[in-house]
Amino acid sequence: MNPIVISVFNLVGSSFCVEAKDGEAIFQAISKALQQEQVVEISFQNVEMLTSAFLNTAIGQLYRDFSEEQVRASVKVTEMADADKALLRRVIETAKLYYKDPTWLEESVKQIMGEEE
Amino acid sequence: MTSNCLSDLHSTASGFSQIAWLYDKNKGDFFEKMPVSFYVWFDANMAAPLGAVLDLLEDNLNDIVFDHISPNIKSILQKNDFLKHFGFDGCVDIYNTTIQYQKMKPDDGRYFHQYVAAQFLNRAELPTMSEGLRKKMTEAMLELFVNAQIHSETKHIYTCGQFFPKRHTIEFCIADTGIGFKEKFFRRFEKTISAVDAIRWAVQDRNTTKVGIPGGIGLALLSEFVKLNQGKLQIVSGDGYYQYDSQGEKTEKLTKPFPGTAVNVAFRTDDNSNYALVSETNAADLF
Chain L
1 MNPIVISVFN LVGSSFCVEA KDGEAIFQAI SKALQQEQVV EISFQNVEML TSAFLNTAIG
61 QLYRDFSEEQ VRASVKVTEM ADADKALLRR VIETAKLYYK DPTWLEESVK QIMGEEE
Chain F
1 MTSNCLSDLH STASGFSQIA WLYDKNKGDF FEKMPVSFYV WFDANMAAPL GAVLDLLEDN
61 LNDIVFDHIS PNIKSILQKN DFLKHFGFDG CVDIYNTTIQ YQKMKPDDGR YFHQYVAAQF
121 LNRAELPTMS EGLRKKMTEA MLELFVNAQI HSETKHIYTC GQFFPKRHTI EFCIADTGIG
181 FKEKFFRRFE KTISAVDAIR WAVQDRNTTK VGIPGGIGLA LLSEFVKLNQ GKLQIVSGDG
241 YYQYDSQGEK TEKLTKPFPG TAVNVAFRTD DNSNYALVSE TNAADLF
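Protein sequence lines, in the order shown, are assigned to chains L and F. Under full-length UniProt numbering, the first sequence has 107 at position 107, and the numbering climbs by one with no breaks. Under full-length UniProt numbering, the second sequence has 121 at position 121, and the numbering climbs by one with no breaks.
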């Protein structure tokens, strides 16, 4: 199956992919393809800057709606700088943990409340 | 009305306290002529939190008048365009050490990207830094803007920076007049904690006030970068002051609250760490 190529630069319309709302457009495009069981290639060609806020929305959210297996099998990333790959890896690890253990955040709140007492 | 004196204003807890004091002292005034004077020294990046506070005071239709500005301070604040907002002319920065003062709306994201690219990323006269280091610094500035955009509910975002060649440091500050860390935590979890603890909580990896979507990486990454770079991170929000540097974490409760949030970062430009190498990751293993 030939992958569907999603150009981040084109969808965002800028080489700075920074804001969460821009990430949402990427997320919607990937989701649509995965719902149709397509393989997706996300191209970061000409993307100069990324933030965790953008990647959380664009890619982190996928782990809420799709299994890790489906994402691993169906989503590829191309033309991404090494430093950005490290950021994306961090986003993905955080997203997996976030959806796997929804009580973790509550525990963290309890902990800081405990420190207050 | 007696003049509001700000003296020897550095990006320290005491510097932020002076700005918070200025706001607290005058916040109940309306339609007043409000004299402000600057003495001794002014770290140019502190123009961001000062601009935020002066704007709030102007919202009460007070007339801000700078009745004394030491010549060295006047020169700095004209070069970075801060004084242009208060009836002065700008002036040319022949040493090219300023990162301009800007006031933006939270939805001016594209404008902020251009500002960062022009003032920092593509600027030849800044000291030679590795591409990885310059990119990490830019990323940090963008993360801070997005944080203010998403969380603060502010009317405006204020930014300013300065390059200190002798200290091999670039400082960059971003300020807002929004709800602050403590109120954000309360609105999300319906629990009251101190402003200091709200900041301490927010800088920990994976802690986020977003609902239904992962987050909490931006400030954690910034702390990690500051550690590697041996720089400094300071967050002031309400009466909470948080600082992280090579000495570790330091917090204190300010006597008067800052009416919003200010985040100041100091980056070392003589950092030879190879940020590209430590980040090498195989694309096939990402998911």
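Each residue gets a CB set at the ideal place from its N, CA and C atoms; glycine is no exception.
Under 9 Å between C-beta atoms, does residue i make it to chain L?
| i | result |
| --- | --- |
| Asn282 of chain F | yes |
| Ala117 of chain F | yes |
| Pro127 of chain F | no |
| Lys250 of chain F | no |
| Asp201 of chain F | According to the sequence as given, residue 201 of chain F is Trp; it is not Asp. By this cut-off, Trp201 of chain F is an interface position. |
| Asp234 of chain F | Reading off the sequence shown, one finds Gln at residue 234 of chain F, where the question assumed Asp. Cβ-Cβ to chain L under 9 Å: no for Gln234 of chain F. |
| Ile174 of chain F | no |
| Ala146 of chain F | Here the sequence assigns Val to residue 146 of chain F, which means Ala is not the residue at that position. Val146 of chain F counts as touching chain L. |
| Glu183 of chain F | no |
| Ile170 of chain F | no |
| Glu58 of chain F | no |
| Phe267 of chain F | no |
| Leu50 of chain F | no |
Opposite residue i in the DSSP bridges: which residues?
| i | result |
| --- | --- |
| residue 290 of chain F | Outside the shown range of chain F, which is 1 to 287, sits residue 290 of chain F, and nothing can be said about it. |
| Lys103 of chain F | F:Tyr158 |
| Asp245 of chain F | F:Gly248 |
| Cys5 of chain F | F:Ser37 |
| Ser43 of chain L | L:Ser7 and L:Thr78 |
| Phe172 of chain F | F:Gly161 and F:Val265 |
| Ile193 of chain F | Per DSSP, none; premise fails for Ile193 of chain F. |
| Phe16 of chain L | L:Met49 |
| Leu50 of chain F | According to DSSP, which records beta bridges pairwise, Leu50 of chain F is partnered with nothing at all. |
| Ser237 of chain F | F:Gly240 and F:Thr261 |
| Lys253 of chain F | F:Gly240 |
| Phe66 of chain F | F:Val36 |
| Lys100 of chain L | Beta-bridge pairing links Lys100 of chain L to no other residue. |
| Lys232 of chain F | F:Ala266 |
Let me confirm a value: residue i is counted as buried when at least 16 other C-beta atoms fall within 10 Å, else exposed. Which label applies?
| i | result |
| --- | --- |
| Met1 of chain L | exposed |
| Arg123 of chain F | exposed |
| Tyr244 of chain F | buried |
| Asp101 of chain L | exposed |
| Lys135 of chain F | buried |
| Gly114 of chain L | exposed |
| Thr209 of chain F | buried |
| Phe31 of chain F | exposed |
| Arg268 of chain F | buried |
| Tyr241 of chain F | buried |
| Lys33 of chain F | exposed |
| Asn207 of chain F | buried |
| Gly15 of chain F | buried |
| Asp271 of chain F | buried |
| Ala83 of chain L | buried |
| Asp81 of chain F | buried |
| Glu143 of chain F | buried |
| Ser237 of chain F | buried |
| Gly212 of chain F | exposed |
What residues from chain F crowd round residue i, counting only those whose CB sits closer than 8 Å?
| i | result |
| --- | --- |
| Thr103 of chain L | Near Thr103 of chain L there are no residues of chain F at all, since even the closest Cβ is about 13 Å away, more than 8 Å. |
| Glu41 of chain L | Residues of chain F passing the Cβ test: none, with the nearest at roughly 11 Å. |
Does the CB of residue i have a neighbour CB from chain F at under 9 Å?
| i | result |
| --- | --- |
| Phe9 of chain L | no |
| Ile6 of chain L | no |
| Ala83 of chain L | yes |
| Glu37 of chain L | no |
| Met1 of chain L | no |
| Ser14 of chain L | yes |
| Val47 of chain L | no |
| Ala53 of chain L | yes |
| Ala20 of chain L | yes |
| Leu34 of chain L | no |
| Ile112 of chain L | yes |
Against residue i, what residues of chain L qualify as contacts under a CB-to-CB distance less than 7 Å, listed in chain order?
| i | result |
| --- | --- |
| Phe287 of chain F | Val71, Arg72, Val75 and Ile92 |
| residue 288 of chain F | In this structure chain F extends from 1 to 287, so residue 288 of chain F is not present and cannot be described. |
| Phe120 of chain F | Within chain L, no residue comes near Phe120 of chain F; the closest Cβ sits about 11 Å away, beyond 7 Å. |
| Glu139 of chain F | Met49 and Thr51 |
| Tyr275 of chain F | Ala83 |
Under 9 Å Cβ-Cβ, which residues of chain L neighbour residue i?
| i | result |
| --- | --- |
| Pro214 of chain F | Asn56, Gly60, Gln61, Tyr63, Arg64, Val91, Thr94, Ala95, Lys96, Leu97, Tyr98 and Tyr99 |
| Leu221 of chain F | Ser52, Leu87 and Arg90 |
| Asp271 of chain F | Neighbours of Asp271 of chain F on chain L: none; closest Cβ ~15 Å, over 9 Å. |
For residue i, return the contacting residues in chain F, with the cut-off set at a CB-CB distance below 7 Å.
| i | result |
| --- | --- |
| Leu88 of chain L | Leu286 |
Kindly list, in the order they appear in chain L, the residues whose Cβ is closer than 8 Å to that of residue i.
| i | result |
| --- | --- |
| Asn207 of chain F | Leu105 and Ser108 |
| Gln102 of chain F | Neighbours of Gln102 of chain F on chain L: none; closest Cβ ~16 Å, over 8 Å. |
| Tyr111 of chain F | Within 8 Å Cβ-Cβ: nothing; Tyr111 of chain F doesn't reach chain L, min ~11 Å. |
Using only the heavy atoms of the ligand COA, determine whether one of them is closer than 8 Å to the beta carbon of residue i.
| i | result |
| --- | --- |
| Ser37 of chain F | The ligand COA is absent from the structure shown, which contains no ligands of any kind. |
| Would you say the stretch 99-106 of chain F touches the stretch 145-155 of chain F, given that touching needs at least three Cβ pairs under 8 Å? | yes
| said: For the structure I just gave you, are there three or more beta carbon pairs, one from the stretch 250-260 of chain F and one from the stretch 201-211 of chain F, closer than 8 Å? | reply: no
| field | contact_flag[the stretch 56-68 of chain F, the stretch 11-31 of chain F] where n(CB pairs < 8 Å) is 3 or more | value | yes
| message | Taking 8 Å as the cut-off, does the stretch 226-235 of chain F touch the stretch 90-100 of chain F (at least 3 CB pairs, one atom from each stretch)? | response | no
| Between the stretch 75-94 of chain L and the stretch 49-57 of chain L, do at least 3 Cβ pairs fall closer than 8 Å? | yes
| When the Cβ atoms of the stretch 68-80 of chain L are set against those of the stretch 35-51 of chain L, are three or more pairs found closer than 8 Å? | yes
| message | Using 8 Å as the cut-off, can you tell me whether the stretch 128-148 of chain F makes contact with the stretch 77-94 of chain F, which would need three or more C-beta pairs spanning the two stretches below that distance? | response | no
| Are there three or more Cβ pairs, one per stretch, closer than 8 Å when the stretch 209-218 of chain F is compared with the stretch 1-11 of chain F? | no
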